[in-house]
Structure formats: structure tokens, C-alpha cells
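Here is the structure we will look at.
In my numbering, the protein residues as written are 1 to 156.
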């Protein structure tokens, strides 16, 4: 345990600020387009823009934050809390866009790409993640589907 990683004894927290900004931008832009189309009498396109508004809303409520500590990794968002212990991780896949998927016995935990992490704990959290993977001898495998996975059996 390094002093820079756990000097306070608290979990390291990273947020997904870029996802939050993109979600709000998506909602605002497509809401504006929908209203403009509706006012122009273009009801079909107006309704179609709501698909993108819904996708932006999904990104907004699902992004949340990740917490890493010596025992495991957690994801907290509006839809719930998810956690996987390091000792349960048996395999790691990495998606083309950098998403990490941690697999255990009938469990799957999805970690947003490190490039999307933000916050003061970002570097220490990445170092902890790398260290835990090295300690367990986990070598990430490239997966074309890793970017499209969701958590499974890790809700707390």
C-alpha cells in the first residue's frame, strides 16, 4: 500500500465527467431540435429526436462514479451500486475503445475506459487497478464486444 494511494484510508474515487458533459450536450441539442421540428410542424422528426434524448438521459444516469480500494472495485450511479471483489476476478477483457470487463464466476463488472476517468484520484486509482491486475496475473484480452457489455450479478 503506497502512501499516495491510500494515505487517508478512503476508497479512491473517479468520476466520468466527459460522459456527463456529453450526455447533457446530447439532451440539450436534441431537445432543441425536437422543439424546433415540432414548431415547424415536422412531428415525425420531432418524435425521432426523442430517441437521442433518451440515450443522453441513459448515459447521464448510468455514468456515476467508480470507487477502488484494496478489496475491490465499485460503481455507483442513479440505477444502483455495483461491486466486485478483486479475489473474484478471473479474467479481464478490454474493448476496442478501452472499456475493461472483469469476469468472475457468473459475474461481470464493466469499467469505463481509464481515458474517461476524472478527479483527483484518477492516477492513483489507475495505479491500483494495474497493481491488482498484476498481483492476480491477469492479462487483458482484446474483445470486440467489451465496449457493449453491462454489469451482471454484481449489484449490491
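In this text, a Cβ means the ideal position worked out from N, Cα and C, and glycines have one as well.
- Query: For the alpha helix (DSSP H) that contains residue 18, what are its first and last residues?
  - Reply: For the purposes of this step, residue 18 is identified with residue 18 of the chain shown, where counting begins at 1. Segment 17-39, the alpha helix (DSSP H) holding residue 18.
- Out of curiosity, what's the CA-to-CA distance linking residue 42 and residue 137? Reading the chain shown from its first residue, position 42 is the one you call residue 42. Reading the chain shown from its first residue, position 137 is the one you call residue 137. If I take the Cα positions, the gap works out to 57 Å.
- Item | Beta-carbon proximity list for residue 155, same chain, < 8 Å, skipping 5 on both sides | Locating residue 155 in the chain shown gives position 155, counting from the first residue. 80, 81, 82.
- Using CA coordinates, which residue listed in 48, 102, 40 is at the minimum distance from residue 91? Looking up residue 91 in the chain shown gives position 91. Measuring from the Cα of residue 91, the nearest candidate turns out to be 102.
- Item | Separation of residue 44 from residue 87, as counted between CA atoms | As a position in the chain shown, residue 87 is number 87, starting the count at 1. As a position in the chain shown, residue 44 is number 44, starting the count at 1. C-alpha separation (whole angstroms): 51 Å.
- Query: Residues in its own chain within less than 6 Å of residue 76 by CB, not counting five upstream and five downstream?
  - Reply: Working through the chain shown from its first residue, we reach residue 76 at position 76. 64, 65, listed in sequence order.
- Message: Using CA atoms only, rank isn't needed, just tell me which of 145, 68, 150, 108 is closest to residue 130.
- Response: Taking the chain shown and counting its residues from 1, one reaches residue 130 at position 130. Nearest to residue 130 by alpha-carbon distance, out of 145, 68, 150, 108, is 68.
- Beta-carbon spacing of residue 106, residue 153 below 7 Å: Counting from 1 along the chain shown, the entry for residue 106 is found at position 106. Counting from 1 along the chain shown, the entry for residue 153 is found at position 153. In this structure, the beta-carbon distance from residue 106 to residue 153 falls below 7 Å.
- Task: Let me know if residue 34 comes out buried or exposed under the rule of 16 or more other beta-carbons within 10 Å of its beta-carbon.
- Result: Along the chain shown, one-based indexing puts residue 34 at 34. Classification of residue 34: buried, given that the 10 Å Cβ count is 16 or more.
- Do you know offhand how far residue 48's Cα is from residue 38's? Within the chain shown, the letter at position 48 stands for residue 48. Within the chain shown, the letter at position 38 stands for residue 38. The straight-line gap from Cα to Cα measures roughly 11 Å.
- Rounded Cβ spacing between residue 168 and residue 55 (contact assumed at less than 8 Å): The structure shown does not extend to residue 168, since the chain spans only 1 to 156, so no value can be given for it.
- Message: Here's the rule I'm using: 16 or more other beta-carbon atoms within 10 Å means buried, otherwise exposed. How should residue 36 be labelled?
- Response: Position 36 of the chain shown, counting from 1, holds the residue named residue 36. Answer is exposed; the Cβ neighbour count stays below 16.
- Specify, as a first and last residue, the run of the alpha helix (DSSP H) that residue 62 falls within. Position 62 of the chain shown holds residue 62. Element bounds for residue 62: 43-63.
- Query: Given residue 11, which residues of its chain have a CB within under 6 Å of its CB, disregarding the five upstream and five downstream residues?
  - Reply: On the chain shown, position 11 is the one that residue 11 refers to. Only 67, 69 meet the Cβ criterion.
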